[in-house]
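Chains as they are written, first to last, in our numbering: chain B, 1267 to 1377; chain C, 4 to 117. Each residue gets a CB set at the ideal place from its N, CA and C atoms; glycine is no exception.
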Amino acid sequence: ELKVEQNPLFLSMQEGKNYTIYCNYSTTSDRLYWYRQDPGKSLESLFVLLSNGAVKQEGRLMASLDTKARLSTLHITAAVHDLSATYFCAVDRGSQGNLIFGKGTKLSVKP
Amino acid sequence: KAGVTQTPRYLIKTRGQQVTLSCSPISGHRSVSWYQQTPGQGLQFLFEYFSETQRNKGNFPGRFSGRQFSNSRSEMNVSTLELGDSALYLCASSNLGSWRAEAFFGQGTRLTVV
């Protein structure tokens, strides 16, 4: 059974600091997704990581994928309040067309 | 282009009733998946449809069902509602012909069962 674990589940950061969210998954997968969710809102796609060693960056967020270690990271650089949200990683089950999500990391950035 | 549209956005139902939720995918997308999000269980996969066929189903009771129409629009139905069915129901569409096969989510339907 494919399991996806994120840590930490809660993260309180000060503005300007750096931090990393980790996403481990239990079986082989070549595709990993990161989503952002604001309270009461839907999921916004941040990154799609398609191969081992993939690294993508958008603003203060950078995501990477190590398929051998079954690990993805979401690195936050110089956090700002606008990044406060819940971040989910999800692993694709290939042709089965469904995503297995981690429990999410609730990020709070304080001034 | 238009995103994934879910209707209604909010719904209040009584225990024992049934409910139907609707999802219109992005134009050209033929795969539609449904997810249930609750504070306790997080995001859980319900089922996925492709070209009017259910290809995969999550671990939910038979009270949860769905279908997809020839225009790729999808509906999900929950019968004999229970309090525990209160959740945000999210629909996602994807173009499985694309290498990225990224899933795009709708705004969700917030179902409250009282």
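Which residues does DSSP list as the beta-bridge partners of A1351 of chain B?
Bridge partners of A1351 of chain B: B:L1373.
I want to see whether chain B comes within less than 8 Å of F107 of chain C, judged by CB atoms only; does it?
Yes, because at least one Cβ of chain B sits closer than 8 Å to the Cβ of F107 of chain C.
Who are the Cβ neighbours of R113 of chain C in its own chain at under 6 Å, not counting the five residues just before and after it?
The answer, listed in chain order, is Y13, L91.
Does the region 1345 to 1357 of chain B come into contact with the region 64 to 72 of chain C, if we say contact requires no fewer than three beta-carbon pairs (one atom in each stretch) closer than 8 Å?
In short, these stretches do not touch, since the Cβ pair count stays below three.
Starting from L93 of chain C, find everything on chain B with Cβ-Cβ shorter than 8 Å and list it in chain order.
Simply S1308, L1309.
Rounded to whole angstroms, what's the CA-CA distance from Q3 of chain C to Y1301 of chain B? Just pull it up for me.
Residue coverage of chain C in this structure runs from 4 to 117, which leaves residue 3 of chain C outside it and unanswerable.
Within 8 Å of any Cβ in chain B, is that where the Cβ of S36 of chain C sits?
Yes - at least one Cβ of chain B is within 8 Å of the one on S36 of chain C.
Quick one, are the C-beta atoms of R1297 of chain B and L1316 of chain B less than 8 Å apart?
Contact flag set, yes.
Rounded C-beta distance between A1320 of chain B and S1330 of chain B? I'm assuming under 8 Å.
At roughly 7 Å, the Cβ-Cβ gap stays under 8 Å, so A1320 of chain B and S1330 of chain B are in contact.
Please check if any C-beta of chain C sits within less than 8 Å of the C-beta of F1354 of chain B.
For F1354 of chain B, the answer is yes, since a Cβ of chain C falls inside 8 Å of its Cβ.
For K1283 of chain B, which beta-bridge partners are listed by DSSP?
In the DSSP output, where bridge partners are listed per residue, K1283 of chain B has none listed.
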